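According to the numbering used here, the stretch in the sequence shown is residues 1 to 139, in order.
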Amino acid sequence: METKKKRVQGKKNRAAGVRFEAKIRKDLESQGWIVDKWTNNVDLEANKIIPAKRKYNPFLRALSIGTGFPDFSASMAIVDKGYKFRGVEVKANGWLDKSEKEKCKWLLKNKIFSEILIAKKGKKRGSIEYVDFKKKHGV
Numbered sequence: 001m002e003t004k005k006k007r008v009q010g011k012k013n014r015a016a017g018v019r020f021e022a023k024i025r026k027d028l029e030s031q032g033w034i035v036d037k038w039t040n041n042v043d044l045e046a047n048k049i050i051p052a053k054r055k056y057n058p059f060l061r062a063l064s065i066g067t068g069f070p071d072f073s074a075s076m077a078i079v080d081k082g083y084k085f086r087g088v089e090v091k092a093n094g095w096l097d098k099s100e101k102e103k104c105k106w107l108l109k110n111k112i113f114s115e116i117l118i119a120k121k122g123k124k125r126g127s128i129e130y131v132d133f134k135k136k137h138g139v
């Protein structure tokens with residue numbers, strides 16, 4: 001019986017994550033950013049960007065495409081200066097694990113993104129906070 005509860009909880013958590021990602025995307029687009037799902041990942045051992053592996057769930061017969069890191073790439077045209085390009089990783093609690101931090105550092109060092117934001121839930125219900133990875137982790 002306990003595995004059924006875990007399965008139901010996992011299903012709810014995944015659905016909540018998808019809803020939160022959609023909310024972040026809508027918020028960024030309302031600020032004037034052009035947002036796209038980032039479908040690449042960083043291979044730290046090979047020291048290069050690789051296409052993200054697609055995840056297949058045989059029980060749902062579904063193939064999920066958006067498994068890249070970070071979740072979104074966002075760009076905005078700045079008058080007479082070109083473009084500003086940022087990566088956005090969506091985490092409800094705002095915490096990145098060790099490998100995700102290393103990937104962020106690699107992406108910034110190799111100038112793939114000018115900045116990486118971590119989008120998390122704010123203190124007030126329904127609010128969103130954006131944390132700059134450079135400022136938080138001193139990169």
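Even glycine gets a Cβ: it sits at the ideal position worked out from N, Cα and C.
It should be emphasised that the depicted structure is a prediction, and the values quoted were computed from it without experimental measurement.
From this set, the options, which residue's C-alpha is nearest residue i's C-alpha?
i           : options            : result
residue 43  : 118, 103, 119, 115 : 103
residue 46  : 133, 5, 106        : 106
residue 13  : 71, 93, 117        : 93
residue 137 : 122, 129, 108      : 108
residue 19  : 130, 121, 98       : 121
residue 115 : 4, 31, 85          : 85
residue 33  : 83, 111, 131       : 83
residue 77  : 118, 112, 35, 24   : 35
Measure the alpha-carbon distance for residue i versus residue j and round it to whole angstroms.
i           : j           : result
residue 37  : residue 16  : 18 Å
residue 125 : residue 95  : 19 Å
residue 140 : residue 48  : The question about residue 140 has no answer here: the residues shown for the chain are numbered 1 through 139.
residue 67  : residue 54  : 7 Å
residue 73  : residue 7   : 31 Å
residue 2   : residue 9   : 11 Å
residue 4   : residue 21  : 26 Å
residue 131 : residue 118 : 5 Å
From the DSSP output, which residues share a beta bridge with residue i?
i           : result
residue 29  : Bridge partners of residue 29: none, in fact.
residue 41  : 50
residue 132 : 117
residue 69  : Its beta-bridge partners do not exist; DSSP assigns none.
residue 34  : 75
Mind checking residue i: buried by the 16 CB within 10 Å criterion, or exposed?
i          : result
residue 88 : buried
residue 26 : exposed
residue 51 : exposed
residue 79 : exposed
- Give, in chain order, every unbroken run of the alpha helix (DSSP H) that is at least 4 residues long and sits entirely within the stretch 75 to 118. 98 to 109
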